[in-house]
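Numbering (my numbering), first residue to last: 8 to 498.
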């Protein structure tokens, strides 16, 4: 009798699942899901990009998958991306609920907040505050150049040797954003600083990796002591650190004279008062962590990818250095404005961003209303996954889609041009908040270091492996970087 009841229950669950996984009328096509897992087992969870590419070849530029019983629509290629994220940006500007990233942020801040008044006001506040602290101005240049001096000092001590650049670039990118948020930089060996660095690196791998997908797909497993619990614990630890920093700010701040983002937020809270305000301490902490993540991992991983290709393409590195020397001459330091006179350097940086594909699947979206996309009907609340990697390597959009080649960004006259398929940080209202800061950092860091140093692939470095490590932010595999002083150039 018990066995019959168990079989009946299993049959009921399977029928319920099959009913849930029926594609609605005129929904994008895709492979048939299997009970419990959906299409999860049809993807390489370590890196699903190649599988998504093959599925697109079979089902089209807009197709669907099931993650457990939840349908998701995958956007592939420039045309689908533009229609969804630009032409119908409001319809596709939501954030899905019930994912690991939602549970970490509690839907607050700007990255995972749903499309609405709180998101709009916090994004506006963040962009305005970054501008006020010098984004796009000389004051921000000085913050970045000041941090580069610490990087240069470290590299000078490594002259003639090889180093692992991962920690160095993570430290530098994180410290730049810390000066903006917290009012000062941290020593690279500081305990809190290293906890932040570790948290961001681990959580990036977990959130979009196999354990993150399992968390998002199988709610019954969320309470087991599996690796995604480490992401939750890490995030909570850093959150407590930031709470301590804000508590110290409350004691030392002078209202109306902000030193950093925390002071600006506290001033905003004072201005708005407590009655129904969208600004509160919990929102502030999540916003700070959003800025920390957006301002660190993407820049660091792009820098590592750039140096990987510069070392293995010495002709490209040498041409960059010739252009830098010619443009800067006896000038003491590089300026962000110098980019307009360095078309080849600009092309190399953008090409590195393209091949790095640092945000391969963007941050997941969801539809805010019933809508239509390329002839298909998409219900409200549908999970949307923009495959940005597909645009950055689309055959019809690039001269050399599968190779590292700066000519992708140069016209026949050698002038820098940026194709519309260049969208490494997404497009539309949800475009990455840290993009402007990242552009400035990449240019100043690369120009300053290439002016002072030559970077070579170590003799004992083995064969270069360009296969990326998949995550929320994609990164190159660990490698070592040989460092040589160039001589008398100014640094």
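Quick reminder that beta carbons are idealized off the backbone N, C-alpha and C, glycines included.
Small disclaimer: the values here were computed from a predicted structure and weren't measured.
Own chain residues within Cβ distance below 8 Å of residue i, not counting five before or after
i: residue 433; result: 92, 366, 369, 370, 393, 395 and 439
i: residue 19; result: The pLDDT assigned to residue 19 is 42, lower than 50, so where the model puts this residue is not dependable; a value taken from the coordinates is nonetheless given after this. Excluding positions up to five away in sequence, the list is empty.
i: residue 126; result: 117 and 120
i: residue 414; result: 354, 406 and 407
i: residue 229; result: 222 and 235
i: residue 12; result: Only weak support exists for where residue 12 lies, its pLDDT of 38 falling under 50; the coordinates are left without a value.
i: residue 21; result: Low local confidence applies: a pLDDT of 45 at residue 21 is under 50, so the model's placement there is unreliable, with the coordinate-based value given in what follows. Taken in chain order, the residues that qualify are 42.
i: residue 237; result: 209 and 213
i: residue 155; result: 179, 451, 452, 455 and 456
Buried versus exposed call for residue i [16 or more other C-beta atoms within 10 Å across all chains shown]
i: residue 473; result: exposed
i: residue 254; result: exposed
i: residue 261; result: exposed
i: residue 485; result: exposed
i: residue 470; result: exposed
i: residue 102; result: buried
i: residue 194; result: exposed
i: residue 494; result: exposed
i: residue 148; result: buried
i: residue 480; result: buried
i: residue 138; result: exposed
i: residue 135; result: exposed
i: residue 243; result: exposed
i: residue 358; result: buried
i: residue 412; result: buried
i: residue 259; result: exposed
Candidates the options: closest to residue i by CA position
i: residue 447; options: 169, 37 and 183; result: 183
i: residue 430; options: 455, 414 and 404; result: 404
i: residue 375; options: 381, 387 and 383; result: 387
i: residue 292; options: 377, 245 and 30; result: 245
i: residue 334; options: 323, 185, 346 and 325; result: 346
i: residue 442; options: 325, 163 and 180; result: 180
i: residue 301; options: 239, 33 and 188; result: 188
i: residue 424; options: 350, 455 and 77; result: 350
i: residue 408; options: 361, 373 and 382; result: 361
i: residue 45; options: 76, 29 and 124; result: 76
i: residue 476; options: 203, 341, 163 and 55; result: 55
i: residue 341; options: 63, 86, 174 and 453; result: 453
i: residue 3; options: 277, 337, 356 and 288; result: There is simply no residue 3 to check, as the chain begins at 8 and stops at 498 in what is shown.
i: residue 328; options: 352, 320, 343 and 112; result: 352
i: residue 224; options: 64, 48 and 191; result: 48
i: residue 467; options: 160, 168 and 50; result: 168
i: residue 310; options: 153, 104, 364 and 106; result: 364
i: residue 426; options: 401, 436, 324 and 410; result: 401
i: residue 105; options: 31, 322 and 219; result: 219
Proximity of residue i and residue j at Cβ, strictly below 9 Å
i: residue 199; j: residue 235; result: no
i: residue 450; j: residue 489; result: no
i: residue 267; j: residue 140; result: yes
i: residue 35; j: residue 67; result: yes
i: residue 530; j: residue 445; result: Nothing about residue 530 can be read from this structure; the chain reaches only from 8 to 498.
i: residue 52; j: residue 232; result: no
i: residue 40; j: residue 70; result: no
i: residue 307; j: residue 59; result: no
i: residue 80; j: residue 391; result: yes
i: residue 95; j: residue 380; result: yes
i: residue 241; j: residue 256; result: no
i: residue 57; j: residue 384; result: no
i: residue 207; j: residue 303; result: yes
i: residue 151; j: residue 162; result: no
i: residue 275; j: residue 176; result: no
i: residue 129; j: residue 290; result: yes
i: residue 492; j: residue 460; result: yes
Residues bridged to residue i (per DSSP)
i: residue 461; result: 491
i: residue 373; result: 101 and 390
i: residue 383; result: 380
i: residue 78; result: 73
i: residue 450; result: BP columns for residue 450 are empty, so no partner.
i: residue 482; result: 476
i: residue 169; result: 489
i: residue 417; result: 423
i: residue 45; result: 41 and 74
i: residue 83; result: 394
Chain-order list of residues whose beta-carbon lies under 7 Å from that of residue i (same chain, five-residue window excluded)
i: residue 178; result: 195 and 204
i: residue 98; result: 374, 375, 376 and 378
i: residue 421; result: 350
i: residue 319; result: 464 and 471
i: residue 285; result: 124, 125 and 128
i: residue 211; result: 304, 478, 479 and 480
Other residues of its chain near residue i: CB distance less than 6 Å, five sequence neighbours each side excluded
i: residue 482; result: 308 and 476
i: residue 63; result: 83
i: residue 325; result: none
Interface flag, residue i vs chain B, CB-CB below 9 Å
i: residue 334; result: No chain B appears in the structure shown, which is made up of a single protein chain.
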